[in-house]
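Taken in sequence, the protein lines are chains A and B. This note's numbering numbers the first residue of the first sequence as 7 and each following residue consecutively. This note's numbering numbers the first residue of the second sequence as 7 and each following residue consecutively.
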Amino acid sequence: MAAEQAKVDPMKQFAIEPIAGTQGWELAGFNIAFTNSAMWMLVTVVVLFLFVLGGMKRELVPGRWQMMVETFTGFIDNMLEANIGKEGRKYVPYVFSLFMFILVANLLGLLPLGIVGIHPFTFTSHFTVTGVLAIISFSIVLLVGFWKHGLHFFSLFVPHGTPLPMVPVIAPIEFISFMVRPFSLALRLFVAMMAGHVLLKVLSSFVIDGTNAGLGFGALVGLPSFILMIGISALEILVAGIQAYVFALLTSLYINDAEHLH
Amino acid sequence: MPQIAQLAETWSSQVFWLLIFFGITFFVIGRGMVPKVMDTVAQRDSQISGDLAAAKAARDAADAEEEAWRVKENENRAAAQAIVAKAKDEAAATSESRLKAAQTRLDKKLADAETRIAEARTAALTEVESVAVEAAQDIVATLAGVKVTKPTAAKAVKEAMIHG
C-alpha cells in the first residue's frame, strides 16, 4: 500500500462494479448486472440464513445460538406488540426481515476484510437500496391503511381534537409530513452509513499519508488518527445497530398509524 | 459520489437484486423460519406456565391433604383421649365400688366381732358372778358357820361388785 504512494479516495468504496461477465445482463431492457452490491446482498442473505438456521433446533432448553436467535425474534415481537398491540404480531416476519437484513448488511460492511483483499461493500449506503426498502415499508402502510379503513384512512391527516377552522391548515401539514416519511426513512439510513464510512476512510488516509510523510507527521497525525479510528469504528458498530433499529421502529410506528389511525 | 454518478447505469440492477434478495429474506427467513422459532418460544412458555400450574396444583393438593390429615389426626386424638378418659372413669368407678364392698364387709365383720366380744364378756361376767356367789356361800359357811341362801349371797355379791 505505502509503496504505491496510496491515494485514498473516500468515495471509491461506494463505487458499484459489475462482477466480471455479468456486465451485459439485461431483463426487459433494464441492466441487471450482478454487481459487488448484489454480491454483498447475497452474502447478507446467506449469513442471515445461517444465523437463523442455527436457531431452528427447536430445543425446549435452548443453546446459546438458539437463545440468540430467539432474543432477536423476541425483540422484534416485543417492539411490535408495544407499538401496535396484538395485531402487530402478523408483521413480525416483515419487520424481522427488514431489521436483520439492514443490521447484517451494516455489520458486514464494517468488517475489516480489506486486509485480506476482499472489499466489503455496504449496500445500505446507497439510497437506491434504502429507498426501495423505505418504499416497501411505506407501501405496506398505505395498503394496510386503505384496506382496513378505506377512505376513512384520510382522517389520519386530521388529528383528534383539531378545531374545525384549523383543519384546512393542519391537514396539508399532516399530509406533507406523512409523504416525507419514506424519504426520511431512506435518507436517514443512507446518510448515517455513508457518513460513517467516509469518516473512516478520511481518517485512514490521514494515517497512511501522515505515516508516509515521515516519523514526525506519523506520530503527530497518524497515531491520533489511528486511535480516533478505533473509537469511531466502535461507534460505527453502534450506529449499524441503531440505524437498523430506527428503521424497524419507525416502520412499526407507521404501521401502527395505519392499523389504528390516531 | 458514486451513488449519484452511477445512478443511471446501476439503479435497475440495484433495485432488481435488492428485490430478489430481500424477497428471499422475507419469504424464506421471515415467513418460513421466524414463525418456527417463535413457535418454539411460545411452546416453551406454555410448557413452563403449564409446569408451574401443575406444580401449584400439586402443592395445593398436598396442602389440602395435610389439612385433612390434621383434622383427622385431631379427631383421632380426641377420640383416643375420650376412650382413655372413659376407661379411667370406669376403672375408678369399679375400684370405688369394690372398695365400698370391702369396707362394708369389714364393717360387718367388725360389728360381728364386737357383738361376740360383748356376749363373751357378759357370759364371763355371769360366770364370775355365779362363781363368786358360791365362793361367798362357802366362805360364809366356813368362817361363820352360817348357811346363807343362794339369793342372799347373790344379792350381796351384786352389791359388792357394783361398789367394787
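Glycine residues also receive a C-beta, built at the ideal position from the N, C-alpha and C atoms. These figures come from a predicted structure and were not determined experimentally.
Same chain, Cβ closer than 7 Å to residue i, five either side skipped, listed in chain order
i	result
Thr-136(A)	Thr-130, Ala-192, Leu-195 and Phe-196
Ala-39(A)	Pro-24, Thr-28, Gln-29 and Trp-31
Thr-50(A)	Phe-107, Val-110, Ala-111 and Leu-114
Lys-78(B)	none
Ser-161(A)	Leu-267
CA-to-CA distance, residue j to residue i, given in whole angstroms
i	j	result
His-158(A)	Phe-78(A)	35 Å
Ala-162(B)	Leu-116(B)	37 Å
Ser-239(A)	Val-204(A)	12 Å
Leu-255(A)	Ile-22(A)	29 Å
Glu-125(B)	Ala-85(B)	59 Å
Ala-130(B)	Ala-93(B)	54 Å
Lys-18(A)	Pro-8(B)	8 Å
His-132(A)	Met-172(A)	40 Å
Ala-58(A)	Thr-168(A)	The question names Ala, yet the displayed sequence has Val at residue 58(A). Roughly 47 Å between the two C-alpha positions.
Ile-236(A)	Trp-71(A)	28 Å
Glu-15(B)	Ala-34(A)	15 Å
Ala-219(A)	Asn-42(A)	33 Å
Ser-231(A)	Val-186(A)	38 Å
Val-152(B)	Ala-141(B)	14 Å
Glu-180(A)	Gly-151(A)	16 Å
Residue from the options with nearest C-alpha to residue i
i	options	result
Lys-42(B)	Val-53(A), Met-45(A), Glu-76(A) and Val-52(A)	Glu-76(A)
Ile-142(A)	Met-235(A), Thr-257(A), Phe-181(A) and Pro-16(A)	Thr-257(A)
Leu-229(A)	Ser-210(A), Glu-93(A), Ala-44(A) and Leu-104(A)	Ser-210(A)
Ile-248(A)	His-266(A), Gly-202(A), Met-235(A) and Asp-263(A)	Gly-202(A)
Val-21(B)	Leu-234(A), Ala-140(A) and Thr-168(A)	Ala-140(A)
Val-252(A)	Gly-61(A), His-132(A) and Val-101(A)	Val-101(A)
Val-134(B)	Ile-35(B), Ala-166(B) and Ala-48(B)	Ala-166(B)
Thr-128(A)	Leu-116(A), Ala-264(A), Phe-144(A) and Glu-242(A)	Leu-116(A)
Beta-carbon neighbours of residue i, restricted to chain B and to distances below 7 Å
i	result
Ala-39(A)	Ser-19
Leu-54(A)	Thr-31 and Ile-35
Met-47(A)	Trp-23, Leu-24 and Phe-27
Cutoff 8 Å: residue i Cβ touching any chain A Cβ
i	result
Gln-12(B)	yes
Gln-9(B)	yes
Gly-36(B)	yes
Leu-53(B)	The amino acid at residue 53(B) is misidentified as Leu; the sequence shows Gln. It does; some Cβ of chain A falls within 8 Å.
Leu-24(B)	yes
CB contact check: residue i to chain B, cutoff 8 Å
i	result
Ser-103(A)	yes
Ser-258(A)	no
Pro-16(A)	no
Arg-64(A)	yes
Ala-21(A)	yes
Met-85(A)	no
Glu-10(A)	Note that Glu-10(A) scores a pLDDT of 49, beneath 50, so its modelled location is shaky; the value from the coordinates is reported in the next line. Chain B, which has no Cβ nearer than 8 Å to the Cβ of Glu-10(A), makes this no.
Ser-143(A)	no
Same chain, Cβ closer than 8 Å to residue i, neighbours up to 5 away in sequence not counted
i	result
Trp-17(B)	none
Arg-95(A)	Asp-83, Leu-86 and Glu-87
Close Cβ partners of residue i (< 6 Å) along its chain, the five nearest in sequence each way excluded
i	result
Ser-19(B)	none
Val-154(B)	Gln-143 and Val-146
Chain-ordered neighbours of residue i on chain B, where CB pairs are closer than 9 Å
i	result
Tyr-251(A)	Residues of chain B passing the Cβ test: none, with the nearest at roughly 17 Å.
Leu-93(A)	According to the sequence as given, residue 93(A) is Glu; it is not Leu. None at all; the shortest Cβ gap to chain B is about 16 Å.
Closer than 7 Å: residue i CB and nearest the ligand NAP heavy atom
i	result
Lys-92(B)	This structure does not include the ligand NAP; it has no bound ligands of any sort.
Proximal residues of chain B, C-beta to C-beta of residue i below 8 Å
i	result
Met-235(A)	Residues of chain B passing the Cβ test: none, with the nearest at roughly 22 Å.
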